[in-house]
DNA sequence: GTGATTTCTTAAGCTAGTTTAATAAATCAG
DNA sequence: CTGATTTATTAAACTAGCTTAAGAAATCAC
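Residue numbers (full-length UniProt numbering), protein chains in the order written: chain A, 1 to 194; chain B, 1 to 194.
Printed below as a string of structure tokens:
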């Protein structure tokens with residue numbers, strides 16, 4: 001019996017036979033990356049869908065003025081990747097970088113499709129995964145359009161205490177859509193208030 | 001042979017037998033709403049998943065200060081709804097309102113689950129639907145954190161010319177996360193520039 | 001068609017958040 | 001351990017976007 005975090009995760013949503021578990025592991029590749037290593041370059045084709053076993057990944061977008069905007073942090077037991085590039089074969093618009101030594105499972109599109117086709121359970125799993133992710137993306141949009149910088153920061157710090165410690169502040173600022181200088185100022189103000 | 005926009009839409013992603021089409025129509029309820037009618041109230045349980053056949057729906061969130069924030073507009077051939085409420089049985093955090101006379105197909109959670117269980121094709125369809133929606137939500141987040149108000153507005157106007165005409169400006173402002181006064185000012189500035 | 005209500009515009013004053021720049025602190029490479 | 005590089009802090013000047021308020025235009029109900 002193969003035990004693994006990813007299987008625990010899958011089993012939260014669907015039930016899997018031994019055969020299906022075996023097939024899943026045949027479909028993915030285990031990779032390890034050192035801190036600061038870039039996993040997915042902007043412009044890359046065939047970008048994979050990635051399950052983070054352990055570590056931390058950061059996904060960011062580089063605009064025309066060469067500014068970097070952090071789109072997502074990924075931690076243990078999260079899936080990440082450029083979904084559009086993965087699904088539609090287009091070049092990745094994001095860069096994905098390891099923020100700590102990280103171990104991942106990489107799933108290629110072909111394997112993903114076979115997985116979904118052959119075993120109904122996986123299709124169901126990914127449906128639920130996307131559906132949940134959609135709910136949290138919607139919540140983030142609400143925060144984006146209705147929260148002040150302070151509220152955004154406090155919510156982030158409360159929801160992701162581990163990231164708050166692990167990630168350099170300037171990236172957190174970028175994720176929140178504010179400047180690092182202003183975040184620094186906010187933190188000072190909040191610390192005084194206590 | 002039943003022909004319908006919703007079937008066209010489903011068939012863009014998966015192939016369906018006559019039996020599956022029949023079963024789909026047994027699973028949904030056709031409803032019509034006059035302009036300004038509220039379809040889903042905040043706090044409502046069992047909120048449905050909604051396919052818009054014709055018309056326009058607006059989804060908004062009401063905060064503690066009683067401000068309304070527009071989360072989404074939905075037009076012909078779009079699915080909409082409070083996904084969290086629909087999937088997890090929680091009270092809806094959104095209000096959904098008709099912005100024009102609108103005809104929809106309503107899908108209840110129970111029917112949704114039966115649909116997915118009995119016919120693999122529907123599970124696949126919703127997986128792709130959520131996946132595509134996720135991609136556009138991510139793009140919206142990029143715009144939120146990296147665009148100026150002017151860039152946000154221009155992108156919206158370019159991508160949704162029909163909505164731009166149909167929807168009162170104050171709701172568009174809300175959707176973009178800016179005040180109606182500022183949008184008005186922007187539009188004047190842009191009109192002069194031409 | 002008319003009065004009532006909602007939406008849009010305009011403008012002045014304001015503030016949350018940015019920009020720039022310089023210094024301090026922390027981390028990294030060898 | 002040391003110099004080099006990256007990250008964080010601080011502060012002053014600035015600006016994009018907000019608030020308030022009042023009038024104009026459009027839409028709605030009857």
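Glycine is no exception: its CB is placed at the ideal position from the N, C-alpha and C atoms. All of these numbers come straight from a predicted model, not from anything done at the bench.
_Taking only three categories from DSSP, how would you classify residue 7 of chain A?_
Here residue 7 of chain A refers to the residue found at position 7 when the first chain is read from its first residue. Residue state, collapsed to three classes: helix.
*Pull out every residue of the stretch 124-144 of chain A whose Cβ sits closer than 7 Å to any Cβ of chain B, in chain order.*
124, 126, 127, 130, 131, 133, 134, 135, 137, 138, 140, 141, 142, 144
_Using only the alpha-carbon positions, how far apart do residue 8 of chain A and residue 139 of chain B sit?_
As a first step, residue 8 of chain A is located in the first chain; it is residue number 8 there, counting from the start. As a first step, residue 139 of chain B is located in the second chain; it is residue number 139 there, counting from the start. Their Cα atoms are separated by approximately 31 Å.
*Enumerate in chain order the residues of its own chain whose CB-to-CB distance from residue 91 of chain B is below 7 Å, with the five nearest sequence positions on each side excluded.*
Along the second chain, read from residue 1 onward, the residue named residue 91 of chain B stands at position 91. Cβ neighbours of residue 91 of chain B beyond the five flanking positions: 43, 44, 45, 85.
*Using a Cβ-Cβ cut-off of 8 Å (strictly less than) and excluding sequence neighbours within five positions of residue 23 of chain A, which residues of its own chain qualify?*
Within the first chain, residue 23 of chain A is the residue found at index 23, counting from 1. Hits under 8 Å: 115, 118, 119.
*asked:* Please state the DSSP three-state secondary structure of residue 68 of chain A.
replied: For the purposes of this step, residue 68 of chain A is taken as residue 68 along the first chain, with counting starting at 1. The answer is strand: DSSP assigns residue 68 of chain A an E or B state.
*asked:* Just to make sure I have the definition right: I need the residues of chain A whose C-beta is within less than 7 Å of the C-beta of residue 61 of chain B. Which are they?
replied: As a working note, residue 61 of chain B is residue 61 in the second chain. Ordered by position in chain A, the residues that pass the 7 Å Cβ test against residue 61 of chain B are 142.
*Taking only beta-carbon atoms, is residue 172 of chain B less than 8 Å away from chain A?*
Sequence index remark: in the second chain, residue 172 of chain B carries index 172 (1-based). So no, residue 172 of chain B is outside the interface.
*Own chain partners of residue 128 of chain B with C-beta closer than 8 Å, once the 5 adjacent residues on each side are dropped*: Counting from 1 along the second chain, the entry for residue 128 of chain B is found at position 128. 13, 14.
*Boundaries of the alpha helix (DSSP H) in which residue 166 of chain A is found, first to last residue*: Here the question's residue 166 of chain A lines up with position 166 in the first chain. Segment 161-166, the alpha helix (DSSP H) holding residue 166 of chain A.
*asked:* Does any residue of chain B have a CB that is nearer than 8 Å to the CB of residue 146 of chain A?
replied: As a first step, residue 146 of chain A must be located in the first chain, where it is residue number 146. Yes, contact with chain B.
_Span separating the alpha-carbon of residue 1 of chain A from that of residue 25 of chain A_ = Looking up residue 1 of chain A in the first chain gives position 1. Looking up residue 25 of chain A in the first chain gives position 25. In this prediction, residue 1 of chain A scores a pLDDT of 49, lower than 50, which makes its location untrustworthy; the coordinate-derived value is nonetheless stated afterwards. Cα to Cα, residue 1 of chain A sits roughly 12 Å from residue 25 of chain A.
*Using the beta-carbon count (16 or more within 10 Å), is residue 185 of chain A buried or exposed?*
The residue you call residue 185 of chain A lines up with position 185 of the first chain. Classification of residue 185 of chain A: exposed, given that the 10 Å Cβ count is below 16.
*Would you verify that the beta carbon of residue 119 of chain A is, or is not, closer than 8 Å to some beta carbon of chain B?*
As a first step, residue 119 of chain A is located in the first chain; it is residue number 119 there, counting from the start. No, residue 119 of chain A lies away from the interface with chain B (no Cβ there is under 8 Å from its Cβ).
*Would you mind reading off the limits of the alpha helix (DSSP H) that contains residue 14 of chain B?*
Position 14 of the second chain holds residue 14 of chain B. Careful: residue 14 of chain B lies outside any alpha helix (DSSP H) and carries neither H nor E.
*Output yes or no for whether 8 Å exceeds the beta carbon distance between residue 106 of chain A and residue 38 of chain A.*
The count along the first chain starts at 1 and reaches residue 106 of chain A at position 106. The count along the first chain starts at 1 and reaches residue 38 of chain A at position 38. It is not a contact, given that the beta carbons lie outside the stated cut-off.
*Kindly say whether residue 71 of chain A, judged by its beta-carbon, lies nearer than 8 Å to any beta-carbon of chain B.*
One-based indexing of the first chain puts residue 71 of chain A at position 71. Cβ-Cβ to chain B under 8 Å: yes for residue 71 of chain A.
*Just reading off the beta strand (DSSP E) that residue 34 of chain B is part of, what are its end residues?*
Numbered from 1 along the second chain, position 34 holds the residue referred to as residue 34 of chain B. Looking at the DSSP string, residue 34 of chain B is not in any beta strand (DSSP E), and its letter there is neither H nor E.
*Among A:104, A:63, A:121, A:126, which has the Cα closest to the Cα of residue 95 of chain A?*
For the purposes of this step, residue 95 of chain A is taken as the residue at position 95 of the first chain. The shortest C-alpha separation from residue 95 of chain A is found at A:63.
_Contacts of residue 9 of chain A in chain B (Cβ-Cβ under 9 Å)_ = Walking along the first chain from the start, residue 9 of chain A turns up at place 9. The contacting residues do not exist; residue 9 of chain A stays about 17 Å from chain B at best.
*Of all the CB atoms in chain A, is at least one closer than 8 Å to the CB of residue 58 of chain B?*
If you number the second chain from 1, residue 58 of chain B lands on position 58. For residue 58 of chain B, the answer is no, since every Cβ of chain A falls outside 8 Å of its Cβ.
*DSSP on residue 97 of chain A, reduced to helix/strand/coil?*
The sequence position of residue 97 of chain A within the first chain is 97, counting from 1. Residue 97 of chain A falls in the strand class under three-state DSSP.
_8 Å is my cut-off, CB to CB: does residue 1 of chain A come that close to chain B?_
Here residue 1 of chain A refers to the residue found at position 1 when the first chain is read from its first residue. With a pLDDT of 49 at residue 1 of chain A, under the threshold of 50, the predicted position of this residue should be treated as unreliable, and no value is reported.
*Quick one: complete beta strand (DSSP E) runs, 3+ long, within the stretch 84-143 of chain B?*
94-98, 102-107
*Please classify residue 67 of chain B: is it buried, with 16 or more other beta-carbons within 10 angstroms of its beta-carbon, or exposed?*
Sequence index remark: in the second chain, residue 67 of chain B carries index 67 (1-based). By the neighbour-count rule (16 or more Cβ atoms within 10 Å), residue 67 of chain B is not buried but exposed.
*asked:* Can you look up residue 53 of chain B in the DSSP assignment and give me helix, strand or coil?
replied: As a first step, residue 53 of chain B must be located in the second chain, where it is residue number 53. Strand, per DSSP.
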